[in-house]
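Worksheet for the structure shown next.
Residue numbers (the numbering used here): 42 to 269.
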């Protein structure tokens, strides 16, 4: 397996940690543990401070999964906790890595979207998120790219780096298309529910979609570990 250099992380490693104000970051203010605990009740503080550092259940701590399930309006059994959105993406790409398989991805997009399947020798196909189209996702372009060897179609809403979103009607249409062809629909929603303008519904409401979410963007709790 060969991963191409992650240029964004290399840039951040050089410039991100020695500046006071970063106007280009895709995250909010950085919390301290003391700041987070100041929002908790005394009982919650004590539960946190007395938590035993041990191996958790493979699917994630029950309390965390229950909280995520409540937020996403799904059952607890539908929640899998991992240690970062990229790990979730890698697991899904592993599952798609069959001989002759291809995946359909947005362009431009977060670099691991393409780097991970390429490292697994999965064919990558791209639909364009164009300024000329007001950065809307072109469903017809996606459908034309998909064939009988397509194992996964990925959308990113709100989209990184444009902030564009897929409408509820467009998402329903895409879900109907992927479900009818047994293609895995993956919705990267790490910026959900951060929107400019009208908010849209999460793909978690759809029975044949997988949602990637984390704590680093919307909450902003980068460094805390888990992601659903």
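Ideal Cβ placement from N, Cα and C applies to all residues, glycine included.
Around the beta-carbon of residue 71, fewer than 16 other beta-carbon atoms lie within 10 Å, marking it exposed. Distance from the CA atom of residue 136 to the CA atom of residue 195, rounded to whole angstroms, is 14 Å. In this structure the region 209-228 touches the region 181-197; the number of beta carbon pairs closer than 8 Å is three or more.
Here residue 148 is exposed, its C-beta having fewer than 16 other C-beta atoms within 10 Å.
Relative to the Cα of residue 172, the nearest Cα in the group 107, 204, 192 and 244 belongs to 204.
The region 118-175 is shown to contain whole alpha helix (DSSP H) runs of 4 or more residues at 126-137 and 153-160, in chain order.
In the three-state DSSP reduction, residue 229 falls in the strand class (E or B). Annotation: residue 248 to residue 209 spans about 15 Å, alpha carbon to alpha carbon. Annotation: residue 130 to residue 151 spans about 11 Å, alpha carbon to alpha carbon. Here the alpha carbon of residue 59 sits roughly 15 Å from the alpha carbon of residue 50.
Between residue 126 and residue 163, the CB-CB gap reaches or exceeds 7 Å. For residue 117, the CB contacts under 6 Å within the same chain, skipping 5 residues up- and downstream, are 106, 107 and 110 in chain order.
The three-state reading of DSSP puts residue 192 in strand, counting E and B together. Within the same chain, and ignoring the five residues on either side of residue 243 in sequence, the residues whose Cβ sits closer than 7 Å to its Cβ are 113, 230, 233 and 252. In the three-state DSSP reduction, residue 253 falls in the strand class (E or B). Comparing alpha-carbon positions, the option among 132, 54, 123 and 261 lying closest to residue 96 turns out to be 123.
When secondary structure is reduced to three states using DSSP, residue 75 falls in the helix class. At the C-beta level, residue 216 and residue 170 stay beyond 7 Å of one another. If you draw a 10 Å sphere on the C-beta of residue 178, you find 16 or more other C-beta atoms in it, and that means buried.
A buried status is given to residue 191, since no fewer than 16 other beta-carbon atoms sit within 10 Å of its beta-carbon. Contact between residue 180 and residue 214 holds, since their C-beta atoms are separated by about 6 Å, short of 8 Å.
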